[in-house]
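Asks:
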Amino acid sequence: VFEIFSFCLILLSVKLVECRKHGNLDFFQYPAINCRKHSALLTDFGGKGDGTTSNTAAFRAAIAHLSKYAAHGGAQLIVPPGKWLTGSFNLTSHFTLYVHQEAVILASQDESEYPIIEPLPSYGRGRDAPGGRFISLISGTNLTDVVITGGNGTIDGQGASWWKKFSDKELKSTRPYLIEILYSDQLQISNLTLVNSPSWHVHPVYSRDVIIQGLTILAPTDSPNTDGINPDSCTNVRIEDCYVVSGDDCIAVKSGWDQYGIKFGMPTQHLIIKRFTCISPDSAVIALGSEMSGGIQDVRAEDITAINSESGVRIKTAPGRGAYVKDIYVRRMSMTTMKYAFWMSGAYGSHPDDGYDPKALPVISNINYEDMWAKNVTMAANLAGIHEDPFTGICISNVTIELAKKPKKVQWNCTDISGVSSRVNPRPCNLLPDKDLRVGCPFPSDRLPIENVPLKTCSGGKHHI
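The sequence shown maps to residues -19 to -1, 1 to 446 in mature numbering (1 follows the signal peptide of the UniProt record, and there is no 0).
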């Protein structure tokens, strides 16, 4: 009940106002990084919200037309009430896609609506299969100042058919994501319900200055690879006030895969996660890796709620990954019904191909967990580094873990790690000796630049094209 109440408060805190009269779209307001001077409805371009008519051409025509206003105050495309079936479409700069509260964007299940594109250069291949990948439902490349938002409208990936093809090993290309934005800056994705993506739901990659806020992401807990939010080789990212139920990691921080990620060399850094709730019985609330070959640094998470999930925070890596995961700070996390509170894996050994270098060892250091409470936990921690490449600088402070009725006999499994602990119950392993830290583990006192980006109050229903 507490978690549901907290989630309701999160939705209320958005302070988003949307009005309708007698089924007709009327004036509304919403928060955004930038407002637009011009506005249009999808129906202006032949869109039909009957749930069966394809709107792919309408979306593409609308965005192509509205791109002409990029240098003249920008434009917003409003998706009004209805069910809008569509294949993939690309966004443009200085643009807002607004999904009305009673609108549902339905992803087409026709593979021909998703062109095959090249693998990401930092991965070298698709995640599901060698070679290319289906373009995402909503995508964009080399953009600036893009907002994808709404009045808690819905984007439905209709992923069940893709999940079956994946399970039956019928796919020759990697499944599409729901939203993927590449090589872009000033990106906002907010106040939407995202459901049933064929694979990952939100994937900003090679981008900077990203705000992800007020999302509800829902997928069956047995659906394959339906990660919630995956910042990948991104700088200055703010994730806040989101609720995720997923078949995979709720947040997975990434930066490329083995030799391809090492060569591309673009880290994910300066990431803040606040007020985040996750349910994922077979995966992590926050995962760092396993594809982290460009490096991950300066990740901060606070006020996190984990419910019925496999692990709270998990670091996943392996020989061949190279790079680093360092300067990680997590505090004020509550966990209920967990397999592990803490999990670090140094042998998460999937590789893109045989060209990886097994001598490329990752550096895992300065990992800080503080002020955490957990109950109904099967095992406190499984912390396994890499032989001759230990994970160092681990600090765990002020943590109380209540065990499940049938817990593991060994509560702390620790190999190839080093660090300290303070005020932790049950008592950690000998590799994390109690140092009675009076000030606890460190957490940065500064604010990231992305935290200082204000949102303006924008409106729709006027300046109509």
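A virtual CB, placed ideally from N, CA and C, is assigned to each residue, including glycine.
(1) Is the beta carbon of residue 441 closer than 8 Å to that of residue 76?
(2) Using the Cα positions of residue 140 and residue 177, report the straight-line distance between them to the nearest angstrom.
(3) Look at the alpha carbon of residue 104 and the alpha carbon of residue 162, and state the distance between them as a whole number of angstroms.
(4) DSSP three-state label for residue 257, please.
(5) To the nearest angstrom, report how far apart residue 430 and residue 401 are at their CA atoms.
(6) Does the segment 243 to 250 come within contact of the segment 207 to 218, defined as at least 3 CB pairs closer than 8 Å?
(7) Is it buried or exposed for residue 4, if we count other Cβ within 10 angstroms and need 16 for buried?
(8) In the structure shown, what three-state DSSP assignment does residue 279 receive?
(9) Return the chain-ordered list of same chain residues with a C-beta closer than 6 Å to the C-beta of residue 181, the five sequence neighbours on each side being excluded.
(10) From what residue to what residue does the beta strand (DSSP E) around residue 224 run?
(11) Can you tell me whether residue 88 is buried or exposed, with buried defined as 16 or more other CB within 10 angstroms of its CB?
(12) Look at the alpha carbon of residue 256 and the alpha carbon of residue 353, and state the distance between them as a whole number of angstroms.
(13) Which of helix, strand or coil does DSSP assign to residue 143?
(14) Compare the C-alpha of residue 65 against each of 12, 111 and 136 and name the closest.
(15) Name the DSSP beta bridge partners of residue 232, please?
(16) Write down the C-beta distance between residue 322 and residue 357 rounded to the nearest angstrom, noting that I regard them as a contact closer than 8 Å.
(17) Using three-state DSSP, classify residue 105 as helix, strand or coil.
(18) So, residue 355 versus residue 407, is the Cβ gap smaller than 8 Å?
(19) Quick one: Cα of residue 308 to Cα of residue 302, how far?
(20) Extract the residue ranges of the beta strand (DSSP E) inside the segment 379 to 416, only unbroken runs of 3 or more that lie entirely within it.
(21) In the DSSP output, what is residue 153 paired with across the bridge?
(22) With residue 170 and residue 196 assumed to form a contact (beta carbons below 8 Å), what rounded beta-carbon distance in angstroms separates them?
(23) Is it true that the CB of residue 343 sits closer than 8 Å to the CB of residue 306?
(24) Our contact map puts residue 270 next to residue 329 with C-beta atoms below 8 Å; I'd like the distance itself, whole angstroms only.
(25) So, helix, strand or coil for residue 289, using DSSP?
(26) Can you give the beta carbon distance from residue 155 to residue 109, rounded, assuming they're within the 8 Å contact cut?
(27) Looking at residue 241: is its Cβ nearer than 8 Å to the Cβ of residue 333?
(28) Tell me whether residue 99 is buried or exposed, calling it buried when 16 or more other Cβ atoms sit within 10 Å of its Cβ.
Replies: Once the coordinates are examined:
(1) Position 95 of the sequence shown, counted from the start, is the residue given in the question as residue 76. Position 460 of the sequence shown, counted from the start, is the residue given in the question as residue 441. Their beta carbons are not under 8 Å apart, which means residue 76 does not touch residue 441 by this criterion.
(2) To locate residue 140, count along the sequence shown from 1; it is residue 159. To locate residue 177, count along the sequence shown from 1; it is residue 196. Each residue's Cα considered, the two are about 5 Å apart.
(3) Numbered from 1 along the sequence shown, position 123 holds the residue referred to as residue 104. Numbered from 1 along the sequence shown, position 181 holds the residue referred to as residue 162. Residue 104 and residue 162: Cα-Cα distance of roughly 16 Å.
(4) Residue numbering aside, residue 257 sits at position 276 when the sequence shown is read from its first letter. Collapsing the DSSP output to three states places residue 257 in a strand.
(5) By 1-based counting over the sequence shown, the position of residue 430 is 449. By 1-based counting over the sequence shown, the position of residue 401 is 420. Their Cα atoms are separated by approximately 31 Å.
(6) Touching, yes.
(7) Start at 1 with the first residue of the sequence shown, and residue 4 comes out as number 23. Note on residue 4: pLDDT 40, under 50, position unreliable in the model; no value is reported.
(8) Position 298 of the sequence shown, counted from the first residue, corresponds to residue 279. Note: residue 279 maps to strand in three-state DSSP.
(9) To locate residue 181, count along the sequence shown from 1; it is residue 200. 158, 208 and 211.
(10) As a working note, residue 224 is residue 243 in the sequence shown. Taken as a continuous stretch (DSSP letters only), the beta strand (DSSP E) holding residue 224 covers 216 to 226.
(11) For the purposes of this step, residue 88 is taken as residue 107 along the sequence shown, with counting starting at 1. Burial state of residue 88 is buried, judged by a 10 Å Cβ sphere holding 16 or more other Cβ atoms.
(12) If you number the sequence shown from 1, residue 256 lands on position 275. If you number the sequence shown from 1, residue 353 lands on position 372. Looking at the backbone, the Cα of residue 256 and that of residue 353 are separated by about 14 Å.
(13) As a first step, residue 143 must be located in the sequence shown, where it is residue number 162. Three-state DSSP puts residue 143 in a helix.
(14) Here residue 65 is taken as the residue at index 84 of the sequence shown, counted from 1. When each option's Cα is compared against that of residue 65, the closest is 136.
(15) For the purposes of this step, residue 232 is identified with residue 251 of the sequence shown, where counting begins at 1. Assignment of beta-bridge partners to residue 232 by DSSP yields 210 and 267.
(16) In the sequence shown, the residue the question calls residue 322 occupies position 341. In the sequence shown, the residue the question calls residue 357 occupies position 376. Contact between residue 322 and residue 357 is absent: CB atoms are separated by about 11 Å, not below the 8 Å threshold.
(17) Translated into the one-based positions of the sequence shown, residue 105 becomes position 124. Residue 105 falls in the coil class under three-state DSSP.
(18) In the sequence shown, the residue the question calls residue 355 occupies position 374. In the sequence shown, the residue the question calls residue 407 occupies position 426. For residue 355 and residue 407, no; Cβs fall outside 8 Å.
(19) Position 327 of the sequence shown, counted from the first residue, corresponds to residue 308. Position 321 of the sequence shown, counted from the first residue, corresponds to residue 302. The straight-line gap separating the alpha-carbon atoms of residue 308 and residue 302 is approximately 18 Å.
(20) If you keep only unbroken beta strand (DSSP E) runs of at least 3 residues inside the segment 379 to 416, you get 393 to 396 and 398 to 406.
(21) Position 172 of the sequence shown holds residue 153. Beta-bridge partners assigned by DSSP to residue 153: none are found.
(22) Residue mapping note: residue 170 aligns to position 189 of the sequence shown, counting from 1. Residue mapping note: residue 196 aligns to position 215 of the sequence shown, counting from 1. Confirmed, Cβ separation roughly 7 Å.
(23) Against the sequence shown, residue 306 aligns to sequence position 325. Against the sequence shown, residue 343 aligns to sequence position 362. Here residue 306 is near residue 343, since their CB atoms are less than 8 Å apart.
(24) Looking up residue 270 in the sequence shown gives position 289. Looking up residue 329 in the sequence shown gives position 348. Indeed, because the Cβ distance is near 7 Å, the residues count as touching under 8 Å.
(25) Within the sequence shown, residue 289 is the residue found at index 308, counting from 1. Three-state result, residue 289: strand.
(26) Within the sequence shown, residue 155 is the residue found at index 174, counting from 1. Within the sequence shown, residue 109 is the residue found at index 128, counting from 1. Between residue 155 and residue 109 a beta carbon distance of about 4 Å is seen, short of the 8 Å cut, so the two are scored as contacting.
(27) Numbered from its first residue, the sequence shown carries residue 241 at position 260. Numbered from its first residue, the sequence shown carries residue 333 at position 352. Taking 8 Å as the Cβ cut-off, residue 241 and residue 333 qualify as a contacting pair.
(28) Within the sequence shown, the letter at position 118 stands for residue 99. Exposed is the call here.
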